[in-house]
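Peer 1:
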Amino acid sequence: MTNFKSITVTKGEGTLIIDNPTNFPLVGHGAQGAVFKLSEDRCVKIYENTEQAKMEQESLKAGQHLSFMPKVYETGSNYVIMDYFYAPTLKDYLKNSMHMEESMAKKLLTILKELKQAGYNVVDAPLRHIFVLENEELKLVDHVNAFYKTSPFPIKLLRDLKLILLKESFLMHVKKLEPKLYKEWDMFFNGNDIDLKTISVVPGGSGTSVKVDTAFRPKLVGQGHQGAVFRLSEDQCVKVYPNVNHAQQEKEVLVSCKHLPFIPKALKTSSNYILMEYLLGPDLNSFLKKQRAFQRTLPEDITRQILEILKMMKAEGFKQIDAPLRHTFLTIDGLKLIDHVYSFTREQDRPLELFEDLQLLNYLDPFLEQVKAIDPKTYNDWTESPIPPIIDTLNYTGPHIKDEEMQKIKSPEQIVNELLIRDITRQ
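Residue numbers (the working numbering): 3 to 429.
Here it is as structure tokens:
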């Protein structure tokens with residue numbers, strides 16, 4: 003069993019580079035490391051970073067008394083040998099269910115309560131990290147950040163349940179079984195205990211991002227030149243602006259164009275902030291980097307959706323016609339575009355920043371060729387005059403909101419299948 007030590011896991015550009023000269027099969031990999039099957043009941047997780055190996059070893063050893071924790075057999079500077087579970091994840095186990103049984107809700111609540119009682123800072127359990135054994139015994143894996151991040155509420159669990167339409171069913175059981183806990187969750191997720199007006203965001207100076215009060219409890223998920231974005235719940239965030247004119251400009255776009263499918267929903271507005279939906283899904287820059295890492299071509303359906311957004315902008319009277327990849331998100335409802343501060347005020351009739359982003363990924367020429375085949379007139383309009391030279395450093399014009407869980411290593415096909423990308427070319 004010792005020859006697994008010849009396996010190496012190193013960090014590449016947007017992915018892990020795995021060199022496996024052994025016969026041990028790769029059974030999983032993510033942001034921190036790769037997992038190889040050693041036997042029918044044991045596996046080894048090999049880490050790219052020895053510090054992360056140490057972090058997970060500490061978390062696993064501290065929870066060996068917990069029934070849902072994998073048993074640890076051996077540790078090294080960059081590996082852990084632990085239980086191997088030949089079983090479906092809870093995500094796969096529940097995906098075709100119409101409702102959640104009370105017995106399953108009890109088991110999930112037990113995991114969350116025991117994590118808290120054991121002193122873990124992360125009291126959460128994404129469905130893909132839970133394995134369902136015989137008799138519905140649950141096992142929870144991936145504990146690298148259990149002591150090193152703070153997440154006292156099950157944001158990822160509820161997000162995952164919502165995506166498979168079981169969130170309300172689960173919460174119904176929580177309300178019955180643990181009414182006090184349900185009330186705590188409701189206060190947190192609905193933001194009832196947060197005064198948005200108290201969030202401090204100030205200008206960062208010429209060419210720099212805004213400065214924020216890091217003591218504010220909700221998680222900061224993005225900051226740019228015009229504002230900062232905080233995640234308030236699994237499906238809501240707030241963008242706070244130091245300049246009330248910027249807030250008003252973006253509010254005008256979000257409210258007047260709410261009928262457009264690519265505009266995020268604005269839930270509440272004020273003089274210096276906008277409460278809006280939190281976009282669950284990767285930004286296109288991250289998605290296409292993975293596409294390139296897997297040596298895949300530019301998906302034509304992505305080109306079609308981007309093109310449709312840009313044409314809708316023009317028809318709606320937008321002055322700034324652009325869709326930077328980092329501001330465009332792949333969601334279950336199709337592509338969504340954030341950062342609309344200058345959409346009605348800045349004159350720009352070609353998507354120049356989109357061109358820059360695509361060029362840096364070597365996708366500009368394929369994109370333009372696809373546009374030429376789909377819409378020759380738009381192609382001619384864009385290429386009538388030369389496209390400006392691409393610069394190495396892009397101007398960052400807004401917050402980069404991203405779901406950190408979508409940064410796990412997945413093929414582009416997995417992402418598309420999970421998010422059920424709609425074909426916006428359908429009539």
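Even for Gly, the Cβ is constructed at its ideal location relative to N, Cα and C.
1. Does Pro-181 come within less than 9 Å of chain B when only Cβ atoms are used?
2. Which partner residues of Leu-148 appear in the DSSP bridge assignment?
3. So Phe-369 is in the alpha helix (DSSP H); what residue range does that whole segment cover?
4. Which residues share a DSSP beta bridge with Met-84?
5. Check Leu-396 in the structure and name its three-state DSSP category.
6. Buried or exposed: where does Ser-41 fall if 16 or more other Cβ atoms within 10 Å of its Cβ makes it buried?
7. When you compare the CB positions of Ser-202 and Gly-226, do they come within less than 9 Å of one another, or not?
8. Quick one: residues in its chain with C-beta nearer than 7 Å to the C-beta of Cys-259, no 5 flanking neighbours on either side, listed in chain order?
9. Under 9 Å, do Phe-346 and Phe-320 count as touching if we go by C-beta distance?
10. For Glu-355 and Val-82, I'd like the C-alpha separation in whole angstroms.
11. Compare the Cα-Cα distances from Lys-341 to each of Met-314, Phe-357, Ile-276 and report the closest residue.
12. Residues in the same chain with beta-carbon distance under 8 Å from Pro-23, minus the five sequence neighbours each way, listed in chain order, please.
13. Checking 9 Å against the spacing of the C-beta atoms, do Lys-178 and Glu-104 come in under that value?
14. Per DSSP, Phe-38 forms a beta bridge with which residues?
15. Pull up the distance between the alpha-carbon of Asn-5 and that of Val-125, whole angstroms please.
16. Does the separation of the CB atoms of His-329 and Asp-285 fall below 9 Å?
17. Does the separation of the CB atoms of Lys-221 and Met-278 fall below 9 Å?
18. Relative to the C-alpha of Lys-141, which candidate in Ala-148, Ile-132, Phe-149 has its C-alpha closest?
19. Hey, quick one: how far does the beta strand (DSSP E) through Val-223 stretch, first residue to last?
20. Among Leu-110, Ser-69, Val-204, Met-100, whose alpha-carbon lies nearest the alpha-carbon of Glu-180?
21. Identify, in the order they occur along the chain, each residue of the same chain with its Cβ nearer than 6 Å to the Cβ of Ala-107, setting aside the five sequence neighbours on each side.
22. Do the segment 301-308 and the segment 371-385 touch if we need at least three Cβ pairs shorter than 8 Å?
23. Can you tell me whether DSSP reads Ala-64 as helix, strand or coil?
24. Please name the residue in Leu-282, Phe-191, Leu-135, Leu-234 whose C-alpha comes closest to that of Leu-337.
25. By DSSP's criteria, Ser-153 is part of a beta bridge. Which residues make up the other side?
26. Which residue comes first and which comes last in the beta strand (DSSP E) that contains Tyr-275?
27. Indicate the three-state DSSP secondary structure (helix, strand or coil) for Lys-213 in the structure shown.
28. Give me whichever residues DSSP pairs with Phe-133 in a beta bridge.
29. Using C-beta distances below 6 Å, list every residue in its chain close to Phe-191, excluding the 5 sequence neighbours before and after it, in chain order.
30. Grouping DSSP H, G and I as helix and E and B as strand, with all else coil, what is Ala-295?
31. Under three-state DSSP, which class holds Thr-330?
32. Just verifying my parser: in three-state terms, what is the DSSP assignment at Ile-19?
Peer 2: According to the data block:
1. The chain inventory of the structure shown lacks chain B, comprising one protein chain alone.
2. What you label residue 148 is simply residue 146 of the sequence shown in a count that begins at 1. Per the sequence shown, residue 148 should be read as Ala rather than Leu. None; Ala-148 has no bridge partner.
3. To locate residue 369, count along the sequence shown from 1; it is residue 367. That run of the alpha helix (DSSP H) goes 366-376.
4. For the purposes of this step, residue 84 is taken as the residue at position 82 of the sequence shown. Answer is Cys-45, Val-74, bridged to Met-84.
5. As a working mapping, residue 396 is identified with position 394 in the sequence shown. Unreliable positioning characterises Leu-396 in this predicted model, as indicated by a pLDDT of 41, which lies under 50. The coordinate reading is nonetheless provided below. In this structure, Leu-396 counts as coil in the three-state DSSP scheme.
6. By one-based count along the sequence shown, residue 41 stands at place 39. Its Cβ having fewer than 16 others within 10 Å, Ser-41 is exposed.
7. By 1-based counting over the sequence shown, the position of residue 202 is 200. By 1-based counting over the sequence shown, the position of residue 226 is 224. Going by C-beta atoms, Ser-202 is not nearer than 9 Å to Gly-226.
8. By 1-based counting over the sequence shown, the position of residue 259 is 257. Closer than 7 Å at Cβ, skipping near neighbours: Ile-265, Glu-318.
9. Reading the sequence shown from its first residue, position 344 is the one you call residue 346. Reading the sequence shown from its first residue, position 318 is the one you call residue 320. For Phe-346 and Phe-320, yes; Cβs fall inside 9 Å.
10. By 1-based counting over the sequence shown, the position of residue 355 is 353. By 1-based counting over the sequence shown, the position of residue 82 is 80. Whole-angstrom Cα-Cα distance: 44 Å.
11. Within the sequence shown, the letter at position 339 stands for residue 341. Strictly speaking, residue 341 in this sequence is Asp, with Lys absent from that position. Among Met-314, Phe-357, Ile-276, the Cα nearest to that of Asp-341 belongs to Ile-276.
12. Reading the sequence shown from its first residue, position 21 is the one you call residue 23. Within the same chain, Pro-23 has close Cβ partners Ser-8, Ile-9.
13. For the purposes of this step, residue 178 is taken as the residue at position 176 of the sequence shown. For the purposes of this step, residue 104 is taken as the residue at position 102 of the sequence shown. In contact: Lys-178 and Glu-104 (Cβ atoms closer than 9 Å).
14. For the purposes of this step, residue 38 is taken as residue 36 along the sequence shown, with counting starting at 1. Answer is Leu-28, Val-46, bridged to Phe-38.
15. For the purposes of this step, residue 5 is identified with residue 3 of the sequence shown, where counting begins at 1. For the purposes of this step, residue 125 is identified with residue 123 of the sequence shown, where counting begins at 1. Roughly 36 Å between the two C-alpha positions.
16. Indexing the sequence shown from 1 puts residue 329 at position 327. Indexing the sequence shown from 1 puts residue 285 at position 283. Yes.
17. Position 219 of the sequence shown holds residue 221. Position 276 of the sequence shown holds residue 278. Their beta carbons are not under 9 Å apart, which means Lys-221 does not touch Met-278 by this criterion.
18. The count along the sequence shown starts at 1 and reaches residue 141 at position 139. Out of Ala-148, Ile-132, Phe-149, Ile-132 has the C-alpha closest to the C-alpha of Lys-141.
19. For the purposes of this step, residue 223 is identified with residue 221 of the sequence shown, where counting begins at 1. Here the beta strand (DSSP E) through Val-223 covers 221-225.
20. As a working mapping, residue 180 is identified with position 178 in the sequence shown. Considering only alpha carbons, the answer is Leu-110.
21. For the purposes of this step, residue 107 is taken as the residue at position 105 of the sequence shown. So the list reads Phe-172, His-175, once near-sequence residues are dropped.
22. yes
23. Residue mapping note: residue 64 aligns to position 62 of the sequence shown, counting from 1. Of the three classes helix, strand and coil, the one that applies to Ala-64 here is helix, per DSSP.
24. In the sequence shown, counting from the first residue as 1, residue 337 sits at position 335. The option with the nearest alpha carbon to Leu-337 is Leu-282.
25. Your numbering for residue 153 matches position 151 in the sequence shown. According to DSSP, which records beta bridges pairwise, Ser-153 is partnered with Val-124.
26. For the purposes of this step, residue 275 is taken as the residue at position 273 of the sequence shown. Start and end: 275-279.
27. What you label residue 213 is simply residue 211 of the sequence shown in a count that begins at 1. Three-state DSSP puts Lys-213 in a strand.
28. In the sequence shown, residue 133 corresponds to position 131, counting from 1. Its beta-bridge partners are Thr-91, Lys-141.
29. Position 189 of the sequence shown, counted from the first residue, corresponds to residue 191. Once the five neighbours on either side are set aside, the close Cβ partners of Phe-191 are Ser-235.
30. For this step, residue 295 is matched to residue 293 along the sequence shown. Of the three classes helix, strand and coil, the one that applies to Ala-295 here is helix, per DSSP.
31. By 1-based counting over the sequence shown, the position of residue 330 is 328. DSSP places Thr-330 in strand when its eight states are reduced to three.
32. Counting from one through the sequence shown, the residue named residue 19 turns up at place 17. Strand.
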